[in-house]
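Engineer: This is the structure I want to talk about, given as structure tokens.
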Amino acid sequence: MTGNIFTSSIICNCLNLKIKWDLRILKDHFGNVDIKRILSIPLAPTPREDMLIWHHLDTGYYIVKSGYHLAASLESMDVDSSSSSNRQWWNRFWSLKLPKKVKMFAWRFINDALPTAVNLMHRKISTSSACILCLCA
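The letter at position 51 of the sequence shown is residue 51 when you use UniProt numbering, and the numbering goes up by one with no holes.
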């Protein structure tokens, strides 16, 4: 590849006056696989301004209500998928042949529920986050 991709990074620079892809410019900046993909992109017969399309509505226009519904549906998908895999992991963890106190310690550690000085202060049980052994915070 010859030339600098940044000098013709605008797509219109890769088109000729007849609104066809300019193979000379494409060959200067892209490999054969990419050129094949670029040539498969259909071009409009007449130039027009680009516009943003919100593909979650038939009108193509974004409205807050549709954005909210999309965000809510994505959030529920994340919660559902993570909770089921999370549940499977915990079921496997609790079925391990370990002493109960080891499993409880691991659960407390993973859930940040150990009674450390920082956690005790955070829960307003203690007034200091300093270590009682070395007095450093």
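For glycine and all other residues, C-beta sits at the position ideal for the given N, C-alpha and C.
Could you give the uninterrupted runs of the alpha helix (DSSP H) lying entirely in the UniProt domain "Reverse transcriptase zinc-binding" (84-135), keeping only those of 4 residues or more?
Structural biologist: List check, alpha helix (DSSP H) in window: 100-110, 117-122.
Engineer: Take the Cβ of Ile-5 as the centre, count every other Cβ of all protein chains shown within 10 Å, and call the residue buried at 16 or more, exposed below.
Structural biologist: Because the pLDDT of Ile-5 is 46, which lies under 50, any placement of that residue in the model is unreliable, and the question is left without a value.
Engineer: Taking all protein chains shown into account, do 16 or more other C-beta atoms lie within 10 angstroms of the C-beta of Lys-29, making it buried, or fewer, making it exposed?
Structural biologist: Residue identity differs from the one stated: residue 29 is His in this sequence, not Lys. Classification for His-29: buried.
Engineer: Could you tell me whether the region 63-70 touches the region 37-46, using the rule of 3 or more Cβ pairs below 8 Å?
Structural biologist: Too few Cβ pairs lie closer than 8 Å, so no.
Engineer: Would you kindly report the start and end of the unbroken alpha helix (DSSP H) that includes Leu-26?
Structural biologist: Its alpha helix (DSSP H) spans residues 23-29.
Engineer: Taking DSSP as the reference, what is the three-state secondary structure of Leu-57?
Structural biologist: Here Leu-57 sits in coil by DSSP.
Engineer: I need the straight-line Cα distance from Trp-89 to Ile-110, nearest angstrom please.
Structural biologist: Those two C-alpha atoms are separated by around 13 Å.
Engineer: By the three-class DSSP mapping on this structure, what secondary structure does Leu-70 have?
Structural biologist: Here Leu-70 sits in helix by DSSP.
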